[in-house]
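Engineer: Just passing along the structure, written as structure tokens.
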Amino acid sequence: TASGSLKRKARVILGGVTSLLRTPDLRALPRNPLLLFQILSHKVLRWGAALAIPVIFACVPFLLDRPFFTSIFVLQAGFLLAAALGALLPHFGRRNRILALPAYILLVSLAAWTALARILAGKNARTWESIRGAGDKKP
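Shown next, in the form of structure tokens:
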């Protein structure tokens, strides 16, 4: 389900941030440029981009007097509409592969925000919480 997927993704992000923050020698990363690049590109930028989606959407309306930002706003609104449709269609027994991608990107963004809220609330990824899918069997 989408709810279970959101919880799984938020848990993975929370675990990644927690393990990154618990790295004993985080200051040594600048001395290892390849590892620093890998962590920044694979983890930090991906989560940061997901967090930026609603922030950009909230800021762009203040710039609508400029044609470039008007087009960016229209594109982003269309993307969010496609994401909403992609998330809602499975509830009606229909799927659209094209709309599934924006829905997935929105789901990952929501998971990043959920993980950030848990981090700010002082919760970390110490406990494992099983989330079963529809096809999973109970042991």
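Heads up, the sequence shown is in the working numbering, so the first residue is 664 and it goes up one at a time. Even for Gly, the Cβ is constructed at its ideal location relative to N, Cα and C.
(1) Just how far apart, CA to CA, sit A763 and A740?
(2) CA-CA distance, N695 and D688?
(3) Classify K672 as buried or exposed, calling it buried when 16 or more other Cβ atoms lie within 10 Å of its own Cβ.
(4) Which residues in the same chain as I676 place their Cβ atom closer than 7 Å to its Cβ, once the five residues preceding and following it in sequence are excluded?
(5) Among T733, L770, L738, whose alpha-carbon lies nearest the alpha-carbon of A750?
(6) Using a 10 Å radius around the Cβ and a threshold of 16 neighbouring Cβ atoms, would you call A784 buried or exposed?
(7) Could you have a look at L686 and say whether DSSP puts it in helix, strand or coil?
(8) Please say whether P717 and A745 have beta carbons closer to each other than 8 Å?
(9) Report yes if the C-beta distance between L683 and K706 is below 8 Å; otherwise report no.
(10) May I ask which residues mark the beginning and end of the alpha helix (DSSP H) holding P765?
(11) Do L727 and F720 have their beta-carbon atoms positioned less than 8 Å apart in this structure?
(12) Between H754, A747, K670, which lies nearest to I761 when the distance is taken from Cα to Cα?
Structural biologist: Taking the definition as stated:
(1) CA-to-CA, the gap between A763 and A740 works out to about 16 Å.
(2) Distance between the alpha carbons of N695 and D688: 12 Å.
(3) Per the 10 Å Cβ criterion, buried.
(4) Excluding sequence neighbours, I676 sits near W710, A774, A775, A778.
(5) When only C-alpha atoms are compared, the closest one is L770.
(6) A784 comes out exposed.
(7) The question names Leu, but residue 686 in the sequence shown is Thr. Looking at T686 - three-state DSSP - the assignment turns out to be coil, as it is neither helix nor strand.
(8) Not closer than 8 Å, so no.
(9) When the beta-carbon positions are compared, L683 and K706 come within less than 8 Å of each other.
(10) Note, P765: alpha helix (DSSP H), 760-783.
(11) Not closer than 8 Å, so no.
(12) The shortest CA-to-CA distance from I761 to any of H754, A747, K670 is the one to A747.
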